[in-house]
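For the sequence shown, our numbering assigns the number 2 to the initial residue and increments by one for each residue that follows. Backbone N, C-alpha and C define an ideal beta-carbon position, used for all residues, glycine too. In what follows, a structure is listed as structure tokens, so that the remarks can point back to it.
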Amino acid sequence: MNILQSPKVFQQTMMSLRQKGKSIGFVPTLGALHEGHLSLVRKARRENDVVAVSIFVNPLQFGPKEDFKKYPRPLKRDKELLKKEKVDYIFHPSAKAMFPQGFNTAVQVGAIRKSPLQNSLCAKSRPGHFQGVATGVIKLLNLAQPENVYFGAKDFQQALMIEKMIRDVNLAIRFHRCPTVRETDGLAMSSRNSYLSADQRRRAQAISRVLFWLQDQASRPAARARKLASLKQLARRKLIPFVTHIDYLDIVDLETLEPLKKIQRMMLAVVACYVGKTRLIDNVIIHT
Ligand code: AMP
Numbered sequence: 002m003n004i005l006q007s008p009k010v011f012q013q014t015m016m017s018l019r020q021k022g023k024s025i026g027f028v029p030t031l032g033a034l035h036e037g038h039l040s041l042v043r044k045a046r047r048e049n050d051v052v053a054v055s056i057f058v059n060p061l062q063f064g065p066k067e068d069f070k071k072y073p074r075p076l077k078r079d080k081e082l083l084k085k086e087k088v089d090y091i092f093h094p095s096a097k098a099m100f101p102q103g104f105n106t107a108v109q110v111g112a113i114r115k116s117p118l119q120n121s122l123c124a125k126s127r128p129g130h131f132q133g134v135a136t137g138v139i140k141l142l143n144l145a146q147p148e149n150v151y152f153g154a155k156d157f158q159q160a161l162m163i164e165k166m167i168r169d170v171n172l173a174i175r176f177h178r179c180p181t182v183r184e185t186d187g188l189a190m191s192s193r194n195s196y197l198s199a200d201q202r203r204r205a206q207a208i209s210r211v212l213f214w215l216q217d218q219a220s221r222p223a224a225r226a227r228k229l230a231s232l233k234q235l236a237r238r239k240l241i242p243f244v245t246h247i248d249y250l251d252i253v254d255l256e257t258l259e260p261l262k263k264i265q266r267m268m269l270a271v272v273a274c275y276v277g278k279t280r281l282i283d284n285v286i287i288h289t
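This is the structure in structure tokens:
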């Protein structure tokens, strides 16, 4: 396994592999790896000749009051985990190498026409976040030259946004959205779960419980007659006692993320909430 820090060397290495006809599968991460990340890595390993994983805590996607400084960076452990998965390359650049002085470009999906994808849910609560993500990811994609790139459904809005960016600017990359990996009690795996105290960790279980309750309720025939508003209200009441603050809890269109009033065949139940000071997000797809 090779660990590269220089963007230029990483790009040259990936380019020469492509020229030799190798397919590259790329998994961008912030590090602090868990089974969620590793599920993406394993899929990339199965589907490509070469697997590259980036570990880069992208400063552009953190707001001034967010957790950039305290974000976990257990690099040694991450390397060991990736070695076990037979990853070929880790790309671990410094922020200075990625965004040197004078760097002055931003990528904004949704800059031309306003849409819920770019203005609702996490985009509303974390101004500038998705612009930071898109700017970082497009740069990583240009460096990695992958044939396939893997993102998790856990960050559904991010996945939709990156998929749209790839389509809009015709990057010749196949995008893969992979299912959310959960702890045994249902909590979606996240590097931020490590911030939770034992009590908060127990309370956080309510997030997925309420999402699965919504999934079950909305897919029952009796739900057809009901307005989604009342279901959402009930779900909110179920979650409130366990969390510190609900940022959003909604049922939205799977592609546009527009809030829905009536039941549709396919929907997405989404939630973002604070447990203590930790902001957690989760979602489940609802088939009716
Ligand atoms: P992050 O390091 O949090 O930026 O995540 C890197 C990639 O792993 C993103 O595409 C995430 O959506 C994905 N990911 C994070 N947590 C999970 C999970 N529990 N299940 C599946 N994918 C995940």
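query	result
C-alpha distance - Leu142 paired with Gln13, whole-angstrom precision	13 Å
Separation of Gln109 from Leu34, as counted between CA atoms	27 Å
Extent of the continuous beta strand (DSSP E) run through Leu29	It is Pro, not Leu, that sits at residue 29 in the sequence shown. Pro29 -> beta strand (DSSP E) spans Ile25 to Thr30.
C-alpha gap between His288 and Lys71, whole angstroms	38 Å
Where Tyr72 falls: helix, strand or coil (DSSP)	coil
Bridge partner(s) assigned by DSSP for Met267	His288
Any heavy atom of the ligand AMP nearer than 6 Å to the CB - residues listed	Thr30, Leu31, Gly37, His38, Ser40, Leu41, Phe152, Gly153, Lys155, Asp156, Cys179, Thr181, Val182, Ala189, Met190, Ser191 and Ser192
Thr30, buried or exposed, once every other Cβ within 10 Å from all chains shown has been counted against 16	buried
Residues bridged to Val272 (per DSSP)	Leu250 and Asp283
Assigned exposure category for His38 - 16 Cβ within 10 Å defines buried	buried
Rounded C-alpha distance that separates Asp169 from Gly111	10 Å
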